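Note that the sequence shown covers residues 4 to 247 in the working numbering.
Note that beta-carbon positions come from the ideal geometry of N, C-alpha and C, so glycine has one too.
Owing to the predicted nature of the structure, the values given are computational and were not obtained by experimental measurement.
Below you'll find the structure, written out as structure tokens, and then a few comments.
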Amino acid sequence: MEEFYIDCDGIKLHAKLDKPDGFTKGPLMLLVHGFTGHMEEDHIIASKDALIESGLAVLRVEMYGHGKSGGEFRKHTLYKWVTSALAAVDYAKTLDFVTDLYIGGHSQGGLLTMLIAGMRPDDFKAILPLSPAWMIPDGAREGNLLGIDFDPLHIPEYITGWCGELDGDYIRTAQTIHVEEEIERYTGPVYIIHGDADDTVPYYYGVKAQELYKDAKLIGIKDADHCFCNHLGELKDAIKSITF
């Protein structure tokens with residue numbers, strides 16, 4: 004495992020690169036955590052391990068304001084995450100051992116995966132959204148962010164809730180994002196993994212994403228919640244069932 008930082012316009016993004024034993028050249032997955040997450044969460048580690056066992060190198064990167072990366076959680080926005088992810092993609096494309104590039108992420112990282120794939124469709128052989136929270140922009144327009152209510156027409160300086168304090172700019176920028184446009188732009192294979200007992204991002208959104216993409220497969224995990232607690236083995240099996 005290699006640990007380092009990727010520069011993103013002066014912000015240091017914490018990264019770790021893992022490769023299978025004996026790996027010299029092959030595919031790489033860029034793997035991103037969720038809204039309040041980081042790269043060492045159990046479901047991220049399980050996903051990384053499954054990908055390694057499937058023969059992929061894995062580049063985990065913590066986005067702006069998360070984990071050991073620069074920036075404050077309170078000040079993060081989807082725009083800043085998009086900028087972070089684009090910097091990570093640019094870095095991955097400089098690695099001379101990479102034959103094919105993939106991107107995947109959990110929850111808000113799944114939303115980010117969908118956005119970046121639409122922005123750079125030629126870069127990715129396939130994408131892997133895990134419990135993708137792609138309803139966040141719609142919620143921002145409607146006045147609800149993952150259970151936190153607010154006035155969408157009169158956005159406060161900050162909102163507070165289960166996630167702590169979050170700057171109102173998160174809402175303002177999220178309101179401008181329309182995920183369906185990025186779904187339309189990406190025509191490669193999409194592998195969605197989602198627990199059918201997810202009460203943070205209901206399973207319906209996995210079903211709807213599958214219907215909207217041109218080439219998508221939804222792998223449901225029975226009784227699994229948002230982070231696949233007590234179902235990490237099934238999460239790993241689901242990833243290993245994919246032909247990358």
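Count the CB pairs spanning the stretch 20-33 and the stretch 53-62 that are closer than 8 Å, and state whether there are at least three.
Yes: the two stretches touch, three or more of their Cβ pairs being nearer than 8 Å.
Under the assumption that A143 contacts P159 (Cβ atoms under 8 Å), give the Cβ distance between them as a whole number of angstroms.
The Cβ separation is near 13 Å, so there is no contact.
With 16 as the cutoff for other CB atoms within 10 Å, does E187 come out buried or exposed?
By the neighbour-count rule (16 or more Cβ atoms within 10 Å), E187 is not buried but exposed.
Starting from G18, follow the beta strand (DSSP E) in both directions and report where the run begins and ends.
Residue identity differs from the one stated: residue 18 is Ala in this sequence, not Gly. Where A18 is concerned, the enclosing beta strand (DSSP E) stretches over 14-21.
Rounded to a whole number of angstroms, what is the C-alpha to C-alpha distance between E75 and I139?
Distance between the alpha carbons of E75 and I139: 20 Å.
I'd like the span of the beta strand (DSSP E) that includes R63, first residue to last.
Looking at the DSSP string, the run of the beta strand (DSSP E) that includes R63 is 60-64.
Does the distance from the CB of V182 to the CB of A219 come in under 8 Å?
Result no, Cβ atoms of V182 and A219 do not sit closer than 8 Å.
P132 lies in the beta strand (DSSP E); which residues open and close that run?
Per DSSP, P132 belongs to the beta strand (DSSP E) from 129-133.
Looking at D24 and M4, is the spacing between their C-beta atoms short of 8 Å?
Going by C-beta atoms, M4 is not nearer than 8 Å to D24.
For a quick check, are the C-beta atoms of G121 and L115 less than 8 Å apart?
Going by C-beta atoms, G121 is not nearer than 8 Å to L115.
Bridge partners for C11 per DSSP, in chain order?
I14.
Pull up the distance between the alpha-carbon of D125 and that of Y105, whole angstroms please.
Whole-angstrom Cα-Cα distance: 11 Å.
So, are the CB atoms of I195 and L221 less than 8 Å apart?
Their beta carbons are under 8 Å apart, which means I195 touches L221 by this criterion.
Inspect the beta-carbon positions of S134 and F38 and report whether they are closer than 8 Å.
For S134 and F38, no; Cβs fall outside 8 Å.
Please identify the residue among L148, G171, Q178 whose C-alpha is closest to the C-alpha of W165.
Closest option to W165, Cα to Cα, is L148.
Classify E5 as helix, strand or coil using the three-state DSSP reduction.
Strand.
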